[in-house]
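S.K.: Have a look at the structure that comes next, please.
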Amino acid sequence: MTITTMHRTALLGLAFLVLPACAAYKIQPPVGFAVVSENDWQTRMKAQDNVGLTLQRFENVKGGTLGFWGADLVKKLGNRNYTLVSQSPIKTKNGKTGTRFDFDYETYDTELPKFYTAVLVVTDRHKIVLQVAGDQQFAAAYRARIPELLAELKVRGCKAGSKICNGAQPPKLSTPLVKKSKADPADPANAPDTATTPPPVAAKP
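Take the sequence shown: its position 141, counted from the start at 1, is 214 in my numbering, and no numbers get skipped.
As structure tokens, then:
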């Protein structure tokens, strides 16, 4: 299972820093994961059973709320044949509010079912996503670890008196009932990234 450019279109811009106190957010590699790549906007980790953990950050824009970007994420992934199976509110270690989205999906070149969980946190300055993905057989074990991951995640970028940070949750969302054909890997937007396993994270629009 791979993380490709596809979700960069779906989440519309998110990235991650595992850096000092001034970083947009911070987390230590969880037990069982190793960092395979990192830069100033993204950190990728991988477990030995080929489950991937990716954290990303992109700049937020005026009008960008948790509700707005959450709905955008679900719509774009739904158009790519991802099925939303659950949605729930979360909090980071330092009390920032976000939304967790659990998806099931299949890739173009295999019939093996996959899982993809994205946790979205929106601040005045950033859109941040924590993603975990892999083969469906590992879904229960790794989805159960999401609270553990969030208990170590600190998010920054909130202005004093912010109306964006800790904003309202998105309404209950859903993906289309009629599935489209699987994504074609020949499309550059769906090109796999072999450095880690989760599906692609959204880029800027």
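Backbone N, C-alpha and C fix where the C-beta goes; we use that ideal spot for every residue, glycine too.
Bear in mind that the values here come from a model prediction, so they are computed numbers and not experimental data.
How about THR248 and VAL228: do their beta carbons lie closer than 8 Å?
M.R.: Here the question's residue 248 lines up with position 175 in the sequence shown. Here the question's residue 228 lines up with position 155 in the sequence shown. Not a contact, by the Cβ cut-off of 8 Å.
S.K.: Can you give the Cα-Cα distance for ILE201 and ARG173, rounded to whole angstroms?
M.R.: As a position in the sequence shown, residue 201 is number 128, starting the count at 1. As a position in the sequence shown, residue 173 is number 100, starting the count at 1. If I take the Cα positions, the gap works out to 12 Å.
S.K.: Could you check what DSSP says for GLU225 in three-state terms: helix, strand or coil?
M.R.: Position 152 of the sequence shown, counting from 1, holds the residue named residue 225. Coil, per DSSP.
S.K.: Thinking C-alpha only, which one of PHE211, LEU203, HIS199 and THR116 is nearest ASN123?
M.R.: The residue labelled residue 123 in the question sits at position 50 within the sequence shown. For ASN123, the nearest C-alpha among the options comes from PHE211.
S.K.: Between GLU157 and LEU246, how many whole angstroms is the CB-CB distance? I'm expecting something under 8 Å.
M.R.: One-based indexing of the sequence shown puts residue 157 at position 84. One-based indexing of the sequence shown puts residue 246 at position 173. The displayed chain sequence assigns Leu, not Glu, to residue 157. Going by Cβ atoms, the distance from LEU157 to LEU246 rounds to 6 Å, so yes, they are a contact pair.
S.K.: Count the other C-beta atoms from every protein chain shown that fall within 10 angstroms of the C-beta of TYR181, then say buried if there are 16 or more, exposed otherwise.
M.R.: Taking the first residue of the sequence shown as 1, we reach residue 181 at position 108. Exposed.
S.K.: Mind reading off the beta-carbon distance from PHE126 to PHE106? Whole number of angstroms is fine, and I expect it under 8 Å.
M.R.: Stepping through the sequence shown from its first residue, residue 126 is reached at position 53. Stepping through the sequence shown from its first residue, residue 106 is reached at position 33. Sequence inspection shows Leu at residue 126; the Phe mentioned does not correspond to that position. With 8 Å as the limit, LEU126 and PHE106 qualify as a contact, their Cβ atoms being about 6 Å apart.
S.K.: Could you please give me the residues that DSSP links to ALA191 through a beta bridge?
M.R.: Mapped onto the sequence shown, residue 191 falls at position 118. Paired residues: PHE174 and GLN204.
S.K.: So if DSSP puts ILE163 in a beta bridge, which residue, or which two residues, is it bridged to?
M.R.: For the purposes of this step, residue 163 is identified with residue 90 of the sequence shown, where counting begins at 1. According to DSSP, which records beta bridges pairwise, ILE163 is partnered with GLY171.
S.K.: Quick one: what does DSSP say GLY125 is sitting in, helix, strand or coil?
M.R.: For this step, residue 125 is matched to residue 52 along the sequence shown. In the structure shown, GLY125 sits in a strand (DSSP, three-state: E or B).
S.K.: For the beta strand (DSSP E) that contains ARG117, what are its first and last residues?
M.R.: Working through the sequence shown from its first residue, we reach residue 117 at position 44. Here the beta strand (DSSP E) through ARG117 covers 115 to 120.
S.K.: Please report the distance separating the alpha-carbon of PRO281 from that of ALA217.
M.R.: Limits of the chain in this structure are 74 at one end and 278 at the other, which puts residue 281 out of reach.
S.K.: Going by CA-CA distance only, name the one from GLN121, ASP113, ALA96 and GLU111 that's closest to ALA206.
M.R.: To locate residue 206, count along the sequence shown from 1; it is residue 133. It is GLN121 whose Cα lies nearest to the Cα of ALA206.
S.K.: Between ALA214 and GLU221, what straight-line distance do the alpha-carbon atoms span, to the nearest angstrom?
M.R.: The sequence position of residue 214 within the sequence shown is 141, counting from 1. The sequence position of residue 221 within the sequence shown is 148, counting from 1. For ALA214 and GLU221, the distance between alpha carbons rounds to 12 Å.
S.K.: For the alpha helix (DSSP H) holding PHE141, just list the boundary residues, first then last.
M.R.: Walking along the sequence shown from the start, residue 141 turns up at place 68. Here the alpha helix (DSSP H) through PHE141 covers 139 to 151.
S.K.: Can you grab the Cα-Cα spacing for the pair ALA224 / SER161, in whole Å?
M.R.: Taking the first residue of the sequence shown as position 1, residue 224 is located at position 151. Taking the first residue of the sequence shown as position 1, residue 161 is located at position 88. Their Cα atoms are separated by approximately 16 Å.
S.K.: Measure the C-alpha to C-alpha separation of SER159 and GLY234 and round it to an integer number of angstroms.
M.R.: Locating residue 159 in the sequence shown gives position 86, counting from the first residue. Locating residue 234 in the sequence shown gives position 161, counting from the first residue. Answer to the nearest angstrom: the Cα atoms are 31 Å apart.
S.K.: What first and last residue would you give for the alpha helix (DSSP H) that runs through PRO107?
M.R.: Counted from its first residue, the sequence shown places residue 107 at position 34. Residue 107 is actually Ala in this sequence, not Pro. Taken as a continuous stretch (DSSP letters only), ALA107 belongs to no alpha helix (DSSP H), being part of the beta strand (DSSP E) at 106 to 111.
S.K.: Excluding sequence positions up to five away, which residues of its chain have a Cβ less than 7 Å from the Cβ of ASN167?
M.R.: Position 94 of the sequence shown, counted from the first residue, corresponds to residue 167. For ASN167, where only same-chain residues beyond five positions count, the Cβ hits under 7 Å are LYS227 and VAL228.
S.K.: In whole angstroms, what is the alpha-carbon distance linking MET118 and GLN101?
M.R.: Reading the sequence shown from its first residue, position 45 is the one you call residue 118. Reading the sequence shown from its first residue, position 28 is the one you call residue 101. Distance between the alpha carbons of MET118 and GLN101: 11 Å.
S.K.: Under DSSP, the alpha helix (DSSP H) around TYR215 begins and ends at which residues?
M.R.: Within the sequence shown, residue 215 is the residue found at index 142, counting from 1. Segment 212 to 216, the alpha helix (DSSP H) holding TYR215.
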